[in-house]
Structure formats: C-alpha cells, structure tokens
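First comes the structure, then the notes that go with it.
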Amino acid sequence: MRTLVIDTTSQFLSIALFDDDSLVAFDHRAIGRGHAEQLIPAIAALPGGGRADSIWVGCGPGSFTGIRVGIAAARALAFAWGAELQGFDSLALIAAKARSVSGEPHVGVACEGGHGQWLVAEAPQAWHALDPDAAVAMIEADSVAGNCANALVAMRGWGRAIDSEPDTRAARLMPADAMFDGATALYARAPDAKPGLAPGAGAAARPSL
Numbered sequence: 293m294r295t296l297v298i299d300t301t302s303q304f305l306s307i308a309l310f311d312d313d314s315l316v317a318f319d320h321r322a323i324g325r326g327h328a329e330q331l332i333p334a335i336a337a338l339p340g341g342g343r344a345d346s347i348w349v350g351c352g353p354g355s356f357t358g359i360r361v362g363i364a365a366a367r368a369l370a371f372a373w374g375a376e377l378q379g380f381d382s383l384a385l386i387a388a389k390a391r392s393v394s395g396e397p398h399v400g401v402a403c404e405g406g407h408g409q410w411l412v413a414e415a416p417q418a419w420h421a422l423d424p425d426a427a428v429a430m431i432e433a434d435s436v437a438g439n440c441a442n443a444l445v446a447m448r449g450w451g452r453a454i455d456s457e458p459d460t461r462a463a464r465l466m467p468a469d470a471m472f473d474g475a476t477a478l479y480a481r482a483p484d485a486k487p488g489l490a491p492g493a494g495a496a497a498r499p500s501l
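This is how it looks when you write it as structure tokens:
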C-alpha cells in the first residue's frame, strides 16, 4: 500500500511517498513561505503524481497558514483518489527524526510558537504553548529537538540539543498515538486576524471574512 505523507507546518515543505515501509521518493526543503504555491507541484513531481492509497498530513501545532495549506491539500487529494486520510502531531514527527539521527530513546521538543512562546512536548498530542521559563521547567528529557532546543538547553544549563525539523522521511518512526483519523487542525492559539468591519464602514456593513 502506498502512503503519501505531507507536512507544511514549519518553514520546511516536506513530502514523502512510501510503499508499505519502503521510502519511494521525497521532497524536503526549507522554503520559508510559499507552501500554497509549491506543495501541489511538488507532489505532482513524485512518481505516479504522488498517488497513494493513504494520506498522512501534519496537523500542527505550527504555522497557522502552513497547517491550513497541508490539510486542504490532503483533504482534496484524499477525496480525488478515494484515499484514507489520517492526521498526525507534527511535534511527534520532529521527535521521531531526532530519535533516528541520535539514537536517543526519549526526546523532548521545543519549537518557536509565536508571541514569545515556545511549543513544547515530551509525548505525542501532549504539547503546550508556554513562555520560555515555563517551557524550561516542563521539559525533563535530557535531549531536546526543535528550533528552540539550543535556547532551552542553554537556559537550563544541561542536556543536549538535537538539530531536527518536521521531516516526513521519519513518518514511519512515529508512535501510533501520534496519529488520528481525519485531519483536524491542532492550533496553538486562535488566529490573530479576526472578523470585523471594513475600515470606515458603518454599522450596517457586513463583517469582513
């Protein structure tokens, strides 16, 4: 059975195509922004246009826009291909890659969460958005992965920081409890933009969308 794995929750665009447990092809690169424009062409460039029997998609936490782009593409492709759709915790994917490159059995995760907070976790779907001091107090694992790992290790004065990001090539190494049916967004907080009246509009104007 072929599985297409998608993660666009960070500055990386990461896709991988598996045949059972064997990696067939992948595209993993730092792009910053532009996931919406680059994701579908990247999938189309995979063997067979990336067509798969099952689609796994990173649902966050992470970039609000990136989460939405990945989920929208995964839902559309699952519908078009009649494929099974499953979501996963993107921080668990970071930990899975870190374990694969370090050999460490237990890895914490610390990533930039916006608004001065860090996203931290030591188990799938058990993450928190915390101020740095609270994040340092929470993570007990000796080894920490993610783009805030170096800062966390430096603040607490012990442990090891592992360079790791959401890399779909490590998807098969995630624990089962990182996965869930469907594709439900895991947002760290509500979106910053909120519906409201257009500038200069009167009370009778419709809310902007």
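Residues in the sequence shown are numbered from 293 upward in steps of one, following the working numbering. Backbone N, C-alpha and C define an ideal beta-carbon position, used for all residues, glycine too. Please read these numbers as outputs of a predicted model, since none were measured by experiment.
Reduced DSSP category for residue i - H, G, I as helix; E, B as strand; rest coil
i      : result
SER392 : helix
ASP423 : coil
GLY350 : strand
THR474 : The residue asked about is misnamed: residue 474 is Gly in this sequence, not Thr. DSSP places GLY474 in coil when its eight states are reduced to three.
ARG461 : helix
MET293 : coil
ASP469 : helix
Residue j beta carbon less than 9 Å from that of residue i
i      : j      : result
LEU315 : ARG294 : no
GLU414 : GLY400 : yes
ARG461 : LYS389 : yes
ALA291 : ILE332 : What the structure shows of the chain is the stretch from 293 to 501, and residue 291 is not part of that stretch, so it cannot be assessed.
GLY362 : ILE298 : yes
ALA470 : ASN439 : no
LEU377 : ASP473 : yes
Nearest to residue i (by Cα), restricted to the options the options
i      : options                        : result
GLY451 : CYS440, ASP434, ARG464, ALA470 : ASP434
TRP419 : ALA366, MET447, ASP381         : ASP381
ARG343 : ALA372, VAL393, GLY350         : ALA372
Distance between beta carbons of residue j and residue i, contact taken as under 8 Å
i      : j      : result
PRO424 : LEU383 : Not quite, the Cβ-Cβ distance comes to about 17 Å (not below 8 Å), so this is no contact.
LEU338 : ALA322 : Not confirmed; about 19 Å, so no contact.
PRO467 : PRO416 : 6 Å
Task: 4 or more residues per run - each alpha helix (DSSP H) lying fully within the region 397-457 - done: 424-430, 441-448
Open item on the list: Which complete alpha helix (DSSP H) runs does the region 301-372 hold, if anything under 4 residues is left out?
Closed with: 327-336
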